[in-house]
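Chemist:
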Amino acid sequence: MGGGEGKCLYIDTEGTFRPERLLAVAERYGLSGSDVLDNVAYARAYNTDHQMELLINAAAMMSESRYALLIVDSATALYRTDYSGRGELSARQMHLARFLRTLLRLADEFGVAVVITNQVVAQVDGAAMFSADPKKPIGGNIMGHASTTRLVIEIPENVFQIYVIMIKMVSYSAKQLLVIDLFQIAWVLL
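Heads up: the sequence shown begins at 0 in numbering that gives the first Met the number 0, then just goes up one per residue.
#1: Is the stretch 78-98 touching the stretch 150-165 in the sense that three or more CB pairs, one from each, lie closer than 8 Å?
#2: With distance defined between alpha-carbon atoms, name the residue in Tyr162, Thr148, Thr147 nearest to Ile154.
#3: At the level of alpha carbons, what is the spacing between Glu52 and Phe16?
#4: Identify the continuous alpha helix (DSSP H) that holds Tyr78 and give its terminal residues.
#5: Which term fits Ala59, buried or exposed, when burial requires 16 or more other beta carbons within 10 angstroms of its beta carbon?
#6: What residues in its chain sit with their C-beta under 6 Å from that of Leu99, if we drop five residues either side in the sequence?
#7: On the premise that Tyr9 lies in contact with Val39, defined as a C-beta separation below 8 Å, what is that separation, rounded to the nearest angstrom?
#8: Helix, strand or coil: which one does DSSP assign to Val158?
#9: Determine the contact status of Pro136 and Val113, defining contact as a CB-CB distance below 8 Å.
Written as structure tokens, this is what we have:
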């Protein structure tokens with residue numbers, strides 16, 4: 000095991016995980032592709048309850064073996080389909096808050112870095128005209144409350160750009176900062 004001296008658990012909610020991307024990064028750094036793939040546990044979530052159940056399974060896996068990274072791609076995609084309309088907004092936000100709280104508990108209990116991806120939506124209300132950026136993250140304020148660092152990834156005119164838009168003032172371990180650097184490198188290469 001290299002990197003964070005532990006394995007990675009990848010929870011995929013949209014079916015976008017591609018092992019060949021990991022193999023390309025492994026090749027770029029002279030690593031064994033099979034060793035890299037052996038250190039990544041993959042799970043596909045099909046609805047929000049299943050997504051939450053996978054976190055319970057993750058805790059069991061983390062108690063048996065050393066994991067350094069937990070990725071959820073995308074944390075909110077299934078919430079958009081499982082909960083529709085304003086009538087279900089409260090239930091959606093409560094379920095999402097429980098999911099995020101469980102992620103934070105896993106990070107604290109097992110010392111794993113957690114990376115979640117999220118989507119943005121165009122802000123179409125009257126306030127959009129007063130905002131410099133009319134896009135807002137899916138999931139509302141609780142996504143911001145649960146995050147310590149937020150990055151925006153854009154590729155305008157085929158130029159890859161990452162913006163740090165928020166860093167809460169907390170102490171970071173070298174492993175957590177390294178994870179962000181490795182993801183930047185991986186995205187640039189692919």
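Cβ coordinates follow ideal geometry from the N, Cα and C atoms, glycine included.
Modeler: Let me spell this out:
#1: no
#2: Tyr162
#3: 19 Å
#4: 76-81
#5: exposed
#6: Ala145
#7: 6 Å
#8: coil
#9: no
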